[in-house]
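The structure appears right after this line, and notes come after that.
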Amino acid sequence: MPNPKLSYRKENIMTVNHNIKKLFQVIYHEQIDGEKQDSESPKIKVSEFISKMAFYYEKLRNSIDYKEEYLLRKDAILRILRRLIVIEGAISMQQLNTADVAKNLLTELIRAGYLPNNKIPESKIDEINAVIEKYIKLRKYSSIDKTATHKEKSEVIKWILVMAACDIEERLGRSKVDQVLISNMYEYLKDKVKLPDGSPYERDKEIQIYISIHRSLLQFDKDLVGFILFKYYNANWRYAEEKEIAEVGENIRSLRGLIDNQINHPISRQLDKIVKRYTGFYTILTDVIKEDPACVYESFRSDPKAFPRDIKKICDKRYKVAKTKLWRAAVRSIIYIFITKSLFAIAIEVPSIRWFGEELNYIALGINIIFPAFLLFLAVLFTKLPSKANTEKIIEGVDEIVFKENERKEPFILRKAEKRGGLLNFFFGLFYAVTFFLSFGLVIWGLDKIGFTFVSITIFLFFLTFVSFFAIRIRKNARELTVIEPRETIFSFIMDFFYMPIIAAGKWLSEKFAQINVFVFFMDFIIEAPFKIFVEAAEEWAKYVKERKDEIM
C-alpha cells in the first residue's frame, strides 16, 4: 500500500521548515569552508614518526580498558590531567605550572591521534590553560575541606577533574552541524512532549529534553551530561570570575546533588525512547543533505520523488556501516576480555583446581578459553539489520521534520510514574530471585553433567555474565537507527525470562571489575609516565637533529 504522505508530496510542492533550511545552510557552508586554506597562525606540530609510538601505545592501552569509541578522547583528557596535575604534581611538590600542563595535554592528544597534527593553533594553549586554572581555583574554594571525610574529599576532587576534562573536550571542537542539529531537535520536541496533568516535573521538562538529545545524538555519558547540567546551574561559568568560582565552590555539595537528581530523573527513560526515534530521523536527514546540499534542496521542487529515494539509499549505506562497526566493537571487546579477564581467570583456574585436589579437565579449560569469543561471535552473527519497514518509517519521520505540512500535530504525552504497592513489589522481587537461581541453576546443572569442576563452573559463569552484558552493549550501538519497536514473541519472552538475570549480573560485575582493573593500573601508574617522558625526549632529539641538518643544508 503506498504511503499517503509520499503521494501527497508528489502532487504538491511542500514548504521546508525554517530550522531545516538553516541545517542545509550550515552543512553547505561547512563543506565550502572546509576547502579553504588554514590561517597562517602558528600551529602545534609534533614529529610524525615519534608520534606513532604514542599512537600505538594509546591503542594498546585502550584495548585493556574498554570504552566506547566516541568517549575515548574525553577519557584520555581526564587520564592525562590526572597524571599531570594529581600524580606528577604531588611527586614534584612544586607550584603547578598550568601553562605547561595545557601545552603537554594538547601535545599528547595530538601524538595519540585524538587531535590533528599541525592544525591546532598555539593560541589554544592559553584557552586550555585558563580552563585548568579555573578548576584548580574551584578545588581551592570548595567546601569539602571543612567537614568532609577523606572519601568525600577524594570523590569531590575526582568530580572536579572530570568536569575540567569535559570542559576541555567541549572546547576542543563541537561541530557546527551538531550544534544546529541539537538546536533543531530541541525546538521541534520541546512543544511536542507533554507531561500528564498535575505532574511535578514540568519545570524540568525542557532541560531533560535537552540532555536526552545529547545522550542520544552525541551519545554523551554521565560525565558529559553532568557537565551540561553544571553549566545549566552556573549559566555564566564560561566567563566566571574569582567571586563566582568561590560561590560555586561553597555550594559544591548541593550542586552535585542537583546534577545527580537530573541525571536520574523519573521521566528520563520515557524521553530517551522518543528522542532516540528522532535521532534516527535527523541523522539520516543530515547524511542525505551532506551528499549534495544544493541538489537535494532543489529536488524538493524539481523532482519530489528523489528525496525518498535518497533517504532509502542513505539508510542502506548506514545499515552496512552499522554492521561493520558491530564487528569492530566485537573484536575490541574480545581483545579486552581476553587480555583483562581470560588470562587472569585461566591463571587462577589451573592452580586452584590443583589446590582443591581436583583433576584438571582440559575440555572444560578449552571451553572457558574459547567461550567468550564464541558467544560474542554468535551475538553479532544473529544481530539483524533494520528492515524495509524500518526504512519506510524513517522516510515518514524525515518527511515529518522537514516539511511544515507534515509536522506532527499530536503531542507525545508521557505516562505517570506507576506506583506499585509494597506487597506487589515484594512478590515481583521474590519471583525475580527465583528466575535468577533458576537461570544459573540450569547452567550449573548442565556444566556439572559434562564434568566441570567447581572452579571451572565459577570461571564459566563469570565469562557468561560478563560477555552477555558486553553483547547487549555492542548490539545496542548497532541498533541506533532502529525506530520500530521490536515485536515481542514467545521466544523473546522466554529469553528475557532466563537471560535478564545473567545480563544483570554481568552489568554488576563489569562495574565492579572496571574499578579494579590491574592492567589499567599498571599501564597508567607504572608505564605511562616514563613512556611519555621517553617520547618527549625523543621528540626533542628529533628537533635538535633537524636544526643541525638545517644549519648544514
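The numbering of the sequence shown is our numbering, which starts it at 14 and goes up by one.
Every residue, glycine too, gets a C-beta built ideally from N, C-alpha and C.
Between the alpha carbons of residue i and residue j, how many angstroms are there, rounded?
{"i": "ILE407", "j": "GLU493", "result": "12 angstroms"}
{"i": "ILE272", "j": "GLU263", "result": "16 angstroms"}
{"i": "SER64", "j": "LYS87", "result": "19 angstroms"}
{"i": "GLU219", "j": "GLU418", "result": "25 angstroms"}
{"i": "ALA115", "j": "GLU121", "result": "10 angstroms"}
{"i": "ILE414", "j": "ASP316", "result": "19 angstroms"}
{"i": "ALA518", "j": "ASP329", "result": "36 angstroms"}
{"i": "MET513", "j": "ASP234", "result": "23 angstroms"}
{"i": "PHE390", "j": "ALA335", "result": "16 angstroms"}
{"i": "ILE348", "j": "PHE425", "result": "43 angstroms"}
{"i": "GLU43", "j": "PHE294", "result": "21 angstroms"}
{"i": "LYS325", "j": "VAL411", "result": "11 angstroms"}
{"i": "PHE439", "j": "ILE485", "result": "28 angstroms"}
{"i": "PHE483", "j": "SER346", "result": "7 angstroms"}
{"i": "VAL577", "j": "GLU168", "result": "What is shown of the chain runs 14 to 566, which leaves residue 577 out entirely."}
{"i": "ILE141", "j": "ILE93", "result": "13 angstroms"}
{"i": "SER54", "j": "TYR127", "result": "21 angstroms"}
{"i": "VAL99", "j": "GLU183", "result": "22 angstroms"}
{"i": "VAL190", "j": "PRO306", "result": "13 angstroms"}
{"i": "ILE181", "j": "ARG322", "result": "41 angstroms"}
So for residue i, helix, strand or coil by DSSP?
{"i": "VAL496", "result": "coil"}
{"i": "VAL206", "result": "strand"}
{"i": "ILE57", "result": "coil"}
{"i": "ILE133", "result": "coil"}
{"i": "ILE463", "result": "coil"}
{"i": "ASN197", "result": "helix"}
{"i": "PHE233", "result": "coil"}
{"i": "PHE2", "result": "Only positions 14 to 566 of the chain appear in the structure, and residue 2 is not among them; the question remains open."}
{"i": "ASN30", "result": "coil"}
{"i": "PHE294", "result": "helix"}
{"i": "GLY278", "result": "Looking at the sequence shown, residue 278 is not Gly but His. Note: HIS278 maps to coil in three-state DSSP."}
{"i": "THR396", "result": "coil"}
{"i": "LEU185", "result": "coil"}
{"i": "TYR214", "result": "coil"}
{"i": "GLY126", "result": "coil"}
{"i": "ASP139", "result": "helix"}
{"i": "LYS65", "result": "helix"}
{"i": "ASN381", "result": "helix"}
{"i": "LEU109", "result": "coil"}
{"i": "THR120", "result": "helix"}
{"i": "ASN3", "result": "With the chain represented from 14 up to 566, any question about residue 3 goes unanswered, as that position is not in the structure."}
With a threshold of 16 other CB atoms inside 10 Å of the CB of residue i, please say whether the residue is buried or exposed.
{"i": "HIS227", "result": "buried"}
{"i": "TYR201", "result": "buried"}
{"i": "TRP368", "result": "exposed"}
{"i": "SER136", "result": "exposed"}
{"i": "LEU151", "result": "buried"}
{"i": "LYS545", "result": "buried"}
{"i": "GLN6", "result": "An answer regarding residue 6 cannot be provided, because it is not within the stretch 14 to 566 covered by the chain."}
{"i": "PRO385", "result": "buried"}
{"i": "TYR291", "result": "buried"}
{"i": "ASN30", "result": "buried"}
For residue i, I'd like the list of residues in its chain whose CB is within less than 6 angstroms of its CB, leaving aside the five on either flank, ordered along the chain.
{"i": "ALA377", "result": "PHE465 and SER469"}
{"i": "GLY239", "result": "ILE272"}
{"i": "SER105", "result": "With a pLDDT of 42 at SER105, under the threshold of 50, the modelled position of that residue is not reliable, and no figure is offered here."}
{"i": "PRO209", "result": "LYS429"}
If you drop the 5 nearest sequence neighbours on each side, which residues of the same chain put their C-beta closer than 7 angstroms to that of residue i?
{"i": "THR495", "result": "PRO399 and ASN403"}
{"i": "ILE302", "result": "LEU36, PHE37, ILE40 and VAL309"}
Give the DSSP bridge partners of residue i, in chain order.
{"i": "PHE11", "result": "Given that the chain is displayed from residue 14 to residue 566, the structure contains no residue 11 and the question cannot be resolved."}
{"i": "PHE416", "result": "VAL29"}
Leaving out five residues on either side along the sequence, give the residues of the same chain with a beta carbon under 8 angstroms from the beta carbon of residue i.
{"i": "ALA253", "result": "LYS147, ASN247 and VAL261"}
Flag residue i as yes if its beta-carbon sits less than 8 angstroms from any beta-carbon of chain C, otherwise no.
{"i": "VAL393", "result": "In the displayed structure, chain C is absent; only one protein chain is listed."}
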